[in-house]
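S.K.: One structure follows; several queries about it will come next.
Residue numbers (the working numbering): 191 to 943.
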């Protein structure tokens, strides 16, 4: 069948090339539709309760998303800095998608007046004189509504909170906010944080990463291919196949109107690293046949017919490794898995069609031949000879050592923790991470969670339940500064009674609360919109959270839910949501994805190999080096406290999909030599020395290609790259050491294989 395919390809080269060119042009036409979406909320399925809940808060309470501008100076209480704070506040408020701005110069507060209470601006104008500034500073730092909430106790920091309107364009708001802050000159340091800005900065970094990482990857692959083949065709053809497969894959993503995410933007880097393998093995066998004096056409036919099956196995198992991620509910990982699999299959098809056509047209390669193995690539020849001898002589020792190492790695697997904290994406010292840490430390947290209470909100009994809930959640570690309509009514009661602290309590009757609400809304202030619905049937409680670590958020969520059950009666409904719940929901799905993808990868690869070679033993032996690899990678994560995150949750399944290639190529060559009459030991020796070079070169190419991710702006992707590079090292050496030992031992004990 493979011989027929080779002859068919060579019989119709122009038609095949015309088809490839046409689809390539069509793919490029869709490139303008490519877009990036890195919002954490869109990672979850649309029917997610966490997503629906936060969208409900956005709709009813004027938006739950916000951008925070953090202003830092030695002392913010000076005319210049205060004016800049006010300028930023005014410009933020002028943005069409901003519903509310809160800062020390631009917010409303409740004040008692002769006829009752009024809602007035905190200041009529920015304080200018030393006396005005000192008075303003003393007022803010003595009031619990502002100290630690809008201004730090040491007067070095203040925050400006800009709340987004429902249905606002987060990217546009973040871009405009960035422009406003960039216009401010002076000694002050100004940072932006908040979900919309994080989303925007991730998108910017992803574009930067693509511009830097892809050329570096391509350059490294070129060097490795040149060292392997030392010929133009050996470098150009593998690069051409992965280049075309990348273009077609991105074109398909654009055609389907799917966005690029933090995960899918590394797709070109991965395809360049992985996809060269298929053309590499075809070219390596072609050059081996040429070195033996075989005619060009016959060499092409032999290279396809002899390596076609292992190359097919390599491609299909790699594709299944990626496809295993389809079963997650996290859409970016799902799309990444499907797109990667599509790109891998394309690289395989180009290796069997485009590469033979061009090899036929290119001149014959010239090189010296190794008389012992027929392999023209001598880079690893000495190492592989020593390796093959060691495998034959030290079988028992190597196998025992491997078992001990696997056991050491296995005991660390339970130590792995899951982390979906988006701030961990950024490296230490980055502006976003620095600002986030400051806000966590000085202002009670950059994240907020939202609690919606449904019932007769102005009923004193319900208000007291809200008050009790706020008091209780303040006792939860990392939860700070809860705020609700109950606090506003307590402030109003106090203001109406000449600021007497004894009256800072819930109004005694529903009628009194209704009267206060009327007085508060008469001034036209909109600050109540974020706290209560116009029909007084739903209230919004917010609280700041000073840690985004998933382990801590899990504890906070559990304790908050338990507190809600204790504090609220059956007459009200309570819904808890917010950014921490989105992060926690992602964490739960990461764990399920890890299990499902690994199980699917192992089972599918085992079935494919068993069906091809028609023995369960073949499938089991082929998978053994991969099993060792996965255990080793997970063990390293456990021992070195590397958390399971959005990227490395895929490391196991990808390691299976890519790493199985090496076992397939070794086994295919071993079986070929056995059919020629070689003994078990001789067959294993020839297989190691012949396919060892392309296996090692490919493992290095893939590993180094993934190692390029250490230059990414995102710490998460760098760690992922290191793990996959290590997996390539383990799986390639496992194919050349563990697999041959298993064959030799099996044959000796139970008969030939």
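All residues carry an ideal CB built from backbone N, CA and C; glycine is no exception.
Quick check on the burial criterion: 16 or more other C-beta atoms within 10 angstroms. Buried or exposed for residue 332?
M.R.: In the chain shown, the residue the question calls residue 332 occupies position 142. It counts as exposed.
S.K.: If the criterion is Cβ atoms closer than 8 Å, does the pair residue 766 and residue 659 meet it?
M.R.: On the chain shown, position 576 is the one that residue 766 refers to. On the chain shown, position 469 is the one that residue 659 refers to. Not in contact: residue 766 and residue 659 (Cβ atoms no closer than 8 Å).
S.K.: What span of residues does the alpha helix (DSSP H) with residue 585 cover, start to end?
M.R.: To locate residue 585, count along the chain shown from 1; it is residue 395. Residue 585 -> alpha helix (DSSP H) spans 585-600.
S.K.: Please state whether DSSP places residue 260 in a helix, a strand or coil.
M.R.: For this step, residue 260 is matched to residue 70 along the chain shown. Reduced to three states, the DSSP call for residue 260 is strand.
S.K.: Leaving out five residues on either side along the sequence, give the residues of the same chain with a beta carbon under 8 Å from the beta carbon of residue 648.
M.R.: Sequence index remark: in the chain shown, residue 648 carries index 458 (1-based). Counting only residues of its own chain and dropping the five nearest sequence neighbours on each side, residue 648 has a CB closer than 8 Å to the CB of 700, 703, 704, 707, 726.
S.K.: Quick one, are the C-beta atoms of residue 260 and residue 380 less than 8 Å apart?
M.R.: Here residue 260 refers to the residue found at position 70 of the chain shown. Here residue 380 refers to the residue found at position 190 of the chain shown. For residue 260 and residue 380, yes; Cβs fall inside 8 Å.
S.K.: Mind checking who residue 352 pairs with in its DSSP beta bridge?
M.R.: Position 162 of the chain shown holds residue 352. Answer is 257, 291, bridged to residue 352.
S.K.: With 16 other CB atoms within 10 Å as the buried threshold, where does residue 860 fall?
M.R.: Here residue 860 corresponds to residue number 670 of the chain shown, with the count starting at 1. Classification for residue 860: buried.
S.K.: Taking only runs of the alpha helix (DSSP H) that begin and end inside the segment 365-402, which ones reach a length of at least 4 residues, in chain order?
M.R.: none
S.K.: Kindly indicate the opening and closing residues of the beta strand (DSSP E) around residue 299.
M.R.: Working through the chain shown from its first residue, we reach residue 299 at position 109. Judged by DSSP secondary structure, residue 299 falls within the beta strand (DSSP E) whose first and last residues are 298-303.
S.K.: List in chain order: all unbroken alpha helix (DSSP H) runs of 4+ residues lying wholly within the segment 737-801.
M.R.: 740-757
S.K.: Do you know how far the Cα of residue 893 is from the Cα of residue 876?
M.R.: For this step, residue 876 is matched to residue 686 along the chain shown. For this step, residue 893 is matched to residue 703 along the chain shown. The straight-line gap from Cα to Cα measures roughly 25 Å.
S.K.: Can you grab the Cα-Cα spacing for the pair residue 791 / residue 821, in whole Å?
M.R.: The residue you call residue 791 lines up with position 601 of the chain shown. The residue you call residue 821 lines up with position 631 of the chain shown. C-alpha separation (whole angstroms): 14 Å.
S.K.: Taking the alpha-carbon positions, what's the residue 197 to residue 551 distance?
M.R.: As a working mapping, residue 197 is identified with position 7 in the chain shown. As a working mapping, residue 551 is identified with position 361 in the chain shown. The alpha-carbon atoms of residue 197 and residue 551 are separated by roughly 15 Å.
S.K.: Taking the straight line between their C-alpha atoms, what separation do you get for residue 608 and residue 884?
M.R.: The count along the chain shown starts at 1 and reaches residue 608 at position 418. The count along the chain shown starts at 1 and reaches residue 884 at position 694. Roughly 36 Å between the two C-alpha positions.
S.K.: Within the segment 835-892, note down every full beta strand (DSSP E) run reaching 3 residues or more, in order along the chain.
M.R.: Runs found: none.
S.K.: Less than 8 Å between the CB atoms is what I'm expecting for residue 276 and residue 296, so what's the real figure, rounded?
M.R.: Residue 276 sits at position 86 when you count from the first residue of the chain shown. Residue 296 sits at position 106 when you count from the first residue of the chain shown. About 7 Å separates the two Cβ atoms, so the contact holds.
S.K.: Only counting the same chain, and skipping five residues up and downstream in sequence, which positions put a Cβ closer than 8 Å to that of residue 201?
M.R.: The sequence position of residue 201 within the chain shown is 11, counting from 1. None.
S.K.: Taking only the alpha-carbon atoms, compute the straight-line gap between residue 499 and residue 419 and give it to the nearest angstrom.
M.R.: Counting from 1 along the chain shown, the entry for residue 499 is found at position 309. Counting from 1 along the chain shown, the entry for residue 419 is found at position 229. So the two alpha carbons sit approximately 22 Å from each other.
S.K.: Measure the alpha-carbon distance for residue 437 versus residue 913 and round it to whole angstroms.
M.R.: Along the chain shown, read from residue 1 onward, the residue named residue 437 stands at position 247. Along the chain shown, read from residue 1 onward, the residue named residue 913 stands at position 723. Each residue's Cα considered, the two are about 26 Å apart.
S.K.: Taking the alpha carbon of residue 374 as the point to measure from, which residue in 817, 279, 523, 909 has its own alpha carbon closest?
M.R.: Walking along the chain shown from the start, residue 374 turns up at place 184. Nearest C-alpha to residue 374: 279.
S.K.: Can you give me the start and stop residues for the beta strand (DSSP E) that residue 153 sits inside?
M.R.: This structure cannot settle anything about residue 153, because the visible part of the chain is limited to 191 through 943.
S.K.: Does the structure place the segment 824-835 close enough to the segment 600-614 that three or more beta carbon pairs sit under 8 Å?
M.R.: Cβ pair count under 8 Å is three or more, so yes.
S.K.: For the ligand MG, any of its heavy atoms closer than 7 Å to the Cβ of residue 436?
M.R.: Annotation note on the ligand MG: not contained in the displayed structure, which lists no ligands.
S.K.: Taking contact to mean 3 or more Cβ pairs, one atom from each stretch, closer than 8 Å, check whether the segment 533-548 and the segment 238-245 are in contact.
M.R.: no
S.K.: Please report the residue range of the beta strand (DSSP E) in which residue 638 lies.
M.R.: Working through the chain shown from its first residue, we reach residue 638 at position 448. Taken as a continuous stretch (DSSP letters only), the beta strand (DSSP E) holding residue 638 covers 637-644.
S.K.: By a C-beta neighbour count over all protein chains shown, 10 Å radius and 16 as the cutoff for buried, is residue 448 buried or exposed?
M.R.: The residue you call residue 448 lines up with position 258 of the chain shown. Buried: at least 16 other Cβ atoms inside 10 Å.
S.K.: Following the continuous alpha helix (DSSP H) through residue 491, name the residue where it begins and the one where it ends.
M.R.: In the chain shown, residue 491 corresponds to position 301, counting from 1. Run containing residue 491: 486-513, per the alpha helix (DSSP H) assignment.
S.K.: For the beta strand (DSSP E) containing residue 460, list its first residue and its last residue.
M.R.: As a position in the chain shown, residue 460 is number 270, starting the count at 1. Premise fails: residue 460 lies in the alpha helix (DSSP H), 457-464, not in any beta strand (DSSP E).
S.K.: Between 905, 924, 807, 768, which has its C-alpha nearest residue 845's C-alpha?
M.R.: Walking along the chain shown from the start, residue 845 turns up at place 655. It is 924 whose Cα lies nearest to the Cα of residue 845.
S.K.: For residue 632 and residue 336, which I take to be in contact (beta-carbon distance under 8 Å), what is that distance rounded to the nearest angstrom?
M.R.: The count along the chain shown starts at 1 and reaches residue 632 at position 442. The count along the chain shown starts at 1 and reaches residue 336 at position 146. Between residue 336 and residue 632 the Cβ distance is about 13 Å, and since that is not below 8 Å, they are no contact.
S.K.: Which residues in the same chain have their Cβ closer than 7 Å to the Cβ of residue 378, if we skip the five residues on either side of it in sequence?
M.R.: For the purposes of this step, residue 378 is taken as the residue at position 188 of the chain shown. Answer for residue 378: 261, 262, 263, 271, 274, listed in chain order.
S.K.: Which of helix, strand or coil does DSSP assign to residue 211?
M.R.: Taking the chain shown and counting its residues from 1, one reaches residue 211 at position 21. Residue 211: helix per DSSP, three-state reduction.
S.K.: Inspect the beta-carbon positions of residue 504 and residue 855 and report whether they are closer than 8 Å.
M.R.: Within the chain shown, the letter at position 314 stands for residue 504. Within the chain shown, the letter at position 665 stands for residue 855. Residue 504 places its beta carbon less than 8 Å from that of residue 855.
S.K.: Just to confirm my understanding: we take residue 423, look at its own chain, exclude 5 residues before and 5 after, and list those with CB closer than 6 Å. What are they?
M.R.: Working through the chain shown from its first residue, we reach residue 423 at position 233. If we look at residue 423 and ignore the five residues flanking it on each side, its Cβ neighbours are 552.
S.K.: When you compare only the Cα positions, how much space is there between residue 464 and residue 480?
M.R.: Position 274 of the chain shown, counted from the start, is the residue given in the question as residue 464. Position 290 of the chain shown, counted from the start, is the residue given in the question as residue 480. If I take the Cα positions, the gap works out to 26 Å.
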